[in-house]
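In the numbering used here, each residue's number is its place in the sequence shown (first place is 1) plus 21.
Ideal placement from N, C-alpha and C gives every residue a C-beta, glycine not left out.
The model shown is predicted, which means the values in this text are computed figures rather than measured ones.
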Amino acid sequence: MRLRHRTFSFVVAIAMAGSAVLSVNAAPPARSKALANRNVTPGLPSAVRLGRLDPGKTMNVTVSLTLRNQAALDRFIASVSDPRSPSYGRYLQPSQFAALFGPSTAQVQQVVGYLRGQGLMVTSVSANHTLVQASGSARAVQAAFGV
């Protein structure tokens, strides 16, 4: 019972990761920067600027990609959570979740290519393809995300 709760919590956490921190929809390279600039954390436009960051300072960023098949994911979560459903408690393995709902390899590669093209070093991609971590100078981060 406790394992099922942990697995469900993991599924919910992954689902929520699609809307975390900074969402960048993978798009053709020509449009990527425009999408990156539009999809920033809510509230950022009204944030108080504390001053300029040293352009040479190293920054770490995490880009959260949107999950695929959101309607199917919603149905899946409802069915595994409903004791009356035949699917109740039949959770997916992380690799199954990634295959069904995670961003595609092509989407991840577009984001990785964009980040590298902006002078950032991609440091990791999560196994489920929802998070891409990168580092680089504040100058490169500011240019990449328009902040």
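For residue 141 versus residue 156, is the C-beta spacing smaller than 8 Å?
Yes; because the gap between Cβ atoms is below 8 Å, this pair is in contact.
Tell me, to the nearest whole angstrom, how far the beta carbon of residue 148 is from that of residue 119; I am working on the premise that it is less than 8 Å.
Confirmed, Cβ separation roughly 7 Å.
Using DSSP's beta-bridge definition, name the partner residues of residue 157.
DSSP, once it has assigned bridges, lists 80 as partnering residue 157.
Could you compute how far the alpha carbon of residue 114 sits from the alpha carbon of residue 82?
C-alpha separation (whole angstroms): 27 Å.
How far does the alpha helix (DSSP H) with residue 100 in it extend, from its first residue to its last?
Note, residue 100: alpha helix (DSSP H), 91 to 102.
Let me confirm a value: residue 85 is counted as buried when at least 16 other C-beta atoms fall within 10 Å, else exposed. Which label applies?
Buried, because 16 or more other Cβ atoms sit within 10 Å of the Cβ of residue 85.
Taking residue 139 as the reference, which of 128, 123 and 158 has the closest Cα?
Closest option to residue 139, Cα to Cα, is 158.
If you count every other CB in all the chains shown that lies within 10 Å of the CB of residue 123, and 16 or more means buried, which is it?
With 16 or more other Cβ atoms within 10 Å, it is buried.
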